[in-house]
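What follows is a set of notes on a single structure, which appears directly below.
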Amino acid sequence: MSKSTSTIACTLGLGTILLLGAEPAFAQAVAPQWRFLTFGVFAAIIGLTMYVTYRAAKRVKTSADFYAAGGGVSGLQNGWAIAGDYLSAASFLGIAGLISLYGYDGFMYSVGWLVAYITVLLVIAEPCRNIGKYTMGDILAFRNNPKTVKAFMAVSTITVSTFYLTAQMVGGGVLVKTLIGIDYQYSVIAVGILMLAYVIFGGMVATTWVQIIKAVLLVLASLIMVFMVWYQYGFGGPEYFQKVIGDPNIQARVAGLLGDAARNMTPEQLGQRFLEPGLYLKSPIDQISLGMALVLGTAGMPHILMRFFTVPTAQAARTSVIWAMAIIGGFYVLTLFLGTGAAMLVGPVNILAADRGGNMAAPLLAQFLGGGPDSMLGNLMLSFVAAVAFATIVAVVAGLVLAAASAMSHDIWVGIVKGEHATDAEETRAARICSLIVGALAITIGILAQGQNVAHLVALAFAVAASANLPVVLLTLYWKRCNTGGVVAGLVVGTLTAIGLVLVSPNMTYPLLVKAAQQKIIETSASRIEQLGADLAAARDPVVQEVIQKAVAAAQKAMTVAQAEIAKLGSNTTSLVGLEKPLFQLRNPGLISIPLGFLAVLLGSLFYRDKRAVDMWEELYVRSNTGIGRAKAAAH
Amino acid sequence: MANPTIDWAAIDADPGFRELHGRKIRFLWGLMAFSVVYYFLLPIGAAYFTDLYRIKVWGAINVGLLFALSQFLVAWGIAFLYARKASQFDAMAEQIARKADALGGRQ
Chain A
685 MSKSTSTIAC TLGLGTILLL GAEPAFAQAV APQWRFLTFG VFAAIIGLTM
735 YVTYRAAKRV KTSADFYAAG GGVSGLQNGW AIAGDYLSAA SFLGIAGLIS
785 LYGYDGFMYS VGWLVAYITV LLVIAEPCRN IGKYTMGDIL AFRNNPKTVK
835 AFMAVSTITV STFYLTAQMV GGGVLVKTLI GIDYQYSVIA VGILMLAYVI
885 FGGMVATTWV QIIKAVLLVL ASLIMVFMVW YQYGFGGPEY FQKVIGDPNI
935 QARVAGLLGD AARNMTPEQL GQRFLEPGLY LKSPIDQISL GMALVLGTAG
985 MPHILMRFFT VPTAQAARTS VIWAMAIIGG FYVLTLFLGT GAAMLVGPVN
1035 ILAADRGGNM AAPLLAQFLG GGPDSMLGNL MLSFVAAVAF ATIVAVVAGL
1085 VLAAASAMSH DIWVGIVKGE HATDAEETRA ARICSLIVGA LAITIGILAQ
1135 GQNVAHLVAL AFAVAASANL PVVLLTLYWK RCNTGGVVAG LVVGTLTAIG
1185 LVLVSPNMTY PLLVKAAQQK IIETSASRIE QLGADLAAAR DPVVQEVIQK
1235 AVAAAQKAMT VAQAEIAKLG SNTTSLVGLE KPLFQLRNPG LISIPLGFLA
1285 VLLGSLFYRD KRAVDMWEEL YVRSNTGIGR AKAAAH
Chain B
12 MANPTIDWAA IDADPGFREL HGRKIRFLWG LMAFSVVYYF LLPIGAAYFT
62 DLYRIKVWGA INVGLLFALS QFLVAWGIAF LYARKASQFD AMAEQIARKA
112 DALGGRQ
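Residue numbers (this note's numbering), protein chains in the order written: chain A, 685 to 1320; chain B, 12 to 118.
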C-alpha cells in the first residue's frame, strides 16, 4: 500500500499544482487579490477527499470492494451518495440559474428530476439489488444469454456514460475557468486527474465517500445561502414572494422576455408573470417528452443503478432511495429560493453577463451575500461555492467513469474475453486499467469538445437510458416471456432512435436559424431602446428614471450579445449532419424513442426462442421478490 | 451463486409467495401509475390551463406554484407510504425464505 500512498500524494501535488500554478487566462469572478482564498478553500476540500481516498485505498482489496464497496455501505450513506451522484453541477448551478432567469418554468423543470426517483424506488432498486452483482449486464445475464446481453449492455452503458461524461467535462471546464480563471484545458486535466485518483486507488469505497462529502457540502452551502437570502426578507412565505414580484430587476427581465406583449402590463403584473408558466418552456409536448426521459431514464442510468450493489440488503436499497428523495427534493425546494434570490439581489442582467446559461447565478449570489465583489467574506463565499461546484463535477465524473469501467472490465473483459475465468486479483487489476482508459478518454473528449454546445448531451444520456436500458431491465425483471432476442432488439432500437432523433432535432446548431433569431433580437432591442428613450424624456421621478436607464443598459447588452453570436457562426449554413433546418421538431426524443424501445423488446422476445430465459424465470422472480440466495452472498 | 438445492418452482407455486406477489404488484404499479399521472398533470396544466395556474391564492403565491410544491409533498408521501407497506412485504418474504430453509434448500 505504501506505493499507492506515495502515488496518491504525487497526484494530490500534481492536481494542486495544476489548479494553483496555471497562469490565469482571465478572471471574471474572483478578484486577483482574493485568489488566495479560492486556493485555500479548494486545497482544503481536495485535501479532504484525498485523505478519504487514502483511507479507502487500504480497504479496497477485492473486486467486490472495487466495484461495490464490498456491499458494506449503509442505507443512509448510500442515500447521500445517490444524491451526490445526481446533484451534478447541472442541477446545482443550472436549475438555480434557470429559476433566476425564467422563474416558474425553472422550478417546474426541477420537479421531474425528483419524481424520477419514484420509479427507482418502486420498481427498480430492490430487484436490482437482489439480482445484480456489479453491473447492469449482470442483471440481464441472469436469465438471458450472458455473453450476448453483457456485450450489448456494456456498449449501452459506455455510450450513456460517455454522453453524460462529456457534458460534465465540458461544463466543468468552462465553469472552473469562469469561477477561478484557469485555462479550460488545465481545468479539464485537473478534474480528470483528481477523478482518476479517487477511482483507481479507492474504487467504489472512495467514490462513495467523495459523493457523500460533496453532497453534504452542497446542501450545507445551499442552506446557508437560503438562510441569508430569506433573512433579508424576514422569513415570510407570502411576504417573500410579494418582494419577488415587486422587484425591479425581475420586472425588467420579464418585460425583456415578453417583448411587445409587455407594453400594456403594469410593473406588478410583470413581476407576477415571473411566477407563472411559459417564460422558458414553450412546447408542452417537448416538456412531456423530457419528463418521460427523466422519469424512466434515471432508473436506467448505470451509475445510479450501480449504487444499489453497494448496500447489504434490499431493505437498505429501499432506505437509500428514500433518503436520496428527501435530500434531492429538499435541495430543489432550496433552489427556488436560491434562484429567485439571485434574480433579486444579483439581477438577471448580471447573471447573463457572467454566463449565458445562467450557471453563475448561485456563485454570484454567494458573493453578493458575503458583501460583494470587493469584500473578503463575499469572495470567501464565492470560493466555497466554486470549490463545491468543482468537487461536484469531479465526484459525478468519478461515478460515471467507474460505471463505464466496470462494464468494460467486468462485462467485456472478464465476462466475454476471459469467459468468466479470471482470478479476483486479475479482475481488480483489469477494473483499474479500464478506469484509466475511460478516464484518459474523458480528458481527451473534454479537451476536444471545447467550445461545443454539449447541453443537450445530458438530455440525450437520459433519453438513451430511458429508451434502451430501462425497457430491457424492467422487462427482464417483470415479464416472463422476455428473452435475449428482446434485450438485444431493445438496446439497439432504443439507443439508435434516441441518438438519431437528436441528430436531426433542434438541439443541433442550425446557423441560418440562429442568425435569423439573433437578427430579431437586435431589431426588438433597438425598438425597445427607442421606446425607453421616449419614456425617459417623459419621466420626472428619479427612481423611475433609474429603472428606465437600467432597462436601456439591459437592451443594449442584449444587442451586443446577439451581434457577437452572429459573428461567431461565420459562413456555416448547415448543421453537423448537413441539415439547414431540423427534421424532427422535439428537443427530447423520449416521446418517440421510449415506446419504440419497449416495442422492440416485446417483438424481439416474441420472435426469438430462448429456453434459458424461460427456465430461469421462476428463480429470478422468487429471488427478486424475496432476496433468497443473495442475502448470504454479500455477507463476507 | 446459483444454489441447485433450492426448488424455485416450488416456491414460485407456493400460495404464500403468490399472495406476496399479487399484493406487491397491485400496490407498486398502482402507486407508480398514480405518481406518473400526477406528475404529468404539471406540464400539461402549465401548457393548457395557464389561467388556472395564475389564480392567486395567498399574496403573490398562485395555484401553479402550490401545485409544483405539492409535487414534492406527493413524492415524499409516496416514499413514506411505500416504506410503511414494504415492511409488511418484508415480513411475508421472510416467512417464505424460512419455508425455503425448512425444505432444506438454503445452507
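For every residue, glycine included, the Cβ atom is placed at its ideal position computed from N, Cα and C.
For B/A71, the closest Cβ of chain A is nearer than 8 Å.
In this model, A/S840 and A/I1096 are separated by some 12 Å (Cα to Cα). Closest by C-alpha distance to A/F723, out of A/R1165, A/M1065, A/I1035, is A/M1065. With the rule of 3 Cβ pairs closer than 8 Å, the region 761 to 775 of chain A counts as touching the region 1074 to 1081 of chain A. By the Cβ criterion, the region 1293 to 1309 of chain A is not in contact with the region 1270 to 1279 of chain A, since fewer than three pairs of Cβ atoms, one from each stretch, lie closer than 8 Å. Under the 10 Å beta carbon count, A/N1256 is surrounded by fewer than 16 other beta carbons and is classified as exposed. Between the C-alpha atoms of A/A1089 and A/T737 there is a straight-line separation of about 18 Å.
When A/A1242, A/L1267, A/L1253, A/G755 are compared, the shortest CA-CA separation from A/R937 is found for A/A1242. In the structure shown, A/N1153 adopts helical secondary structure according to DSSP, grouped into three states. The beta-carbon of B/V47 is placed less than 8 Å from the nearest beta-carbon of chain A.
One finds nothing in chain A with a Cβ atom closer than 8 Å to the Cβ of B/L77; even the nearest lies about 11 Å away. DSSP links B/I72 through a beta bridge to B/W69. Residue contact check for A/R1165 against chain B: no CB pair falls below 8 Å. The beta carbons of A/A1091 and A/A838 sit closer together than 8 Å.
A/A1145 counts as buried, since at least 16 other C-beta atoms from the protein chains shown sit within 10 angstroms of its C-beta. Within the region 874 to 959 of chain A, the alpha helix (DSSP H) runs of at least 4 residues that lie entirely inside it are, in chain order, 921 to 930, 932 to 942, 951 to 957. Membership of A/W797 in the alpha helix (DSSP H) is indicated by the continuous run 788 to 803.
Excluding sequence positions up to five before and after B/K110, its CB lies within less than 8 Å of the CB of I22, D25, G27, all in the same chain and listed in chain order. Between A/V1172 and B/P54, the alpha-carbon positions lie close to 33 Å from each other. Here A/A1147 is actually not in contact with A/G984; their C-beta atoms are around 10 Å apart, not less than 8 Å. Three or more beta-carbon pairs drawn from the region 994 to 1007 of chain A and the region 756 to 764 of chain A are found closer than 8 Å, and the two stretches are therefore classed as touching.
Sequence-distant Cβ neighbours of A/T1112 in its own chain, meaning closer than 6 Å and more than five residues away, are S747, F750. In this structure A/W797 is not in contact with A/L974, their Cβ atoms being roughly 10 Å apart against a cut-off of 8 Å. Taking a contact as a CB-CB distance under 8 Å, the pair A/V804 and B/W19 does not count as one, their CB atoms being some 26 Å apart. For B/K35, a Cβ of chain A is located within less than 8 Å of the residue's own Cβ. Interface with chain A (8 Å Cβ-Cβ cutoff): B/Q99 is excluded. Note on geometry: alpha-carbon atoms of A/M792 and B/R65 lie some 14 Å from one another. Chain-order list of chain A residues neighbouring B/A104: A998, N1309, T1310, G1311, I1312, by C-beta distance under 9 Å.
Within the same chain, and ignoring the five residues on either side of A/L954 in sequence, the residues whose Cβ sits closer than 7 Å to its Cβ are Q935, V938, A939, A946. Between A/V1186 and the set A/A1223, A/R1212, A/A1143, A/S1209, the nearest pair of CA atoms involves A/A1143.
Between the region 845 to 852 of chain A and the region 1101 to 1120 of chain A, the count of Cβ pairs shorter than 8 Å is below three; the stretches do not touch.
Look at the beta carbons and you see the region 1248 to 1267 of chain A touching the region 1196 to 1214 of chain A: at least three pairs across the two are nearer than 8 Å.
Excluding residues up to 5 positions away in sequence, L42 lie with their Cβ nearer than 7 Å to the Cβ of B/Y93 in the same chain. Contacts with chain B at 8 Å (Cβ-Cβ) do not include A/G856. Nearest in C-alpha terms to A/C1118, of all of A/A1027, A/V883, A/I815, is A/V883.
B/M103 and B/G33 have their C-alpha atoms roughly 12 Å apart.
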